Amino acid sequence: MNTGGLDKLKEMVEAEFQAKFEAQREELRKHAKQHFFKIQEENRKMYNLRRRKPKLYRVGDLVAIKRT
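Taking numbering that gives the first Met the number 0, the leading residue of the sequence shown gets 0, the next gets one more, and so forth.
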């Protein structure tokens, strides 16, 4: 039985399927990365809204240190 043509066709279909799969996976990765950075920036903005400026101490200032 001659299956040389079928084997070649099968290889071509598998190669095309693999190329499509890799392209879709790369697109999903890019989308997830963009979404990750967007959420990270939103979290940074919300955190900084309620953040206080640090107290500046100078040499010679009297400070109390809490023991934890």
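Don't be surprised by glycine CBs; every beta carbon is placed ideally from N, CA and C.
Because the structure is a prediction, the values reported are computed rather than measured.
In the structure shown, VAL62 falls within a coil segment according to DSSP collapsed to helix, strand and coil. Per DSSP, reduced to three states, the secondary structure at ARG49 is coil, with no helix or strand assignment. ARG57 sits in coil when the DSSP states are folded into three classes, being neither helix nor strand.
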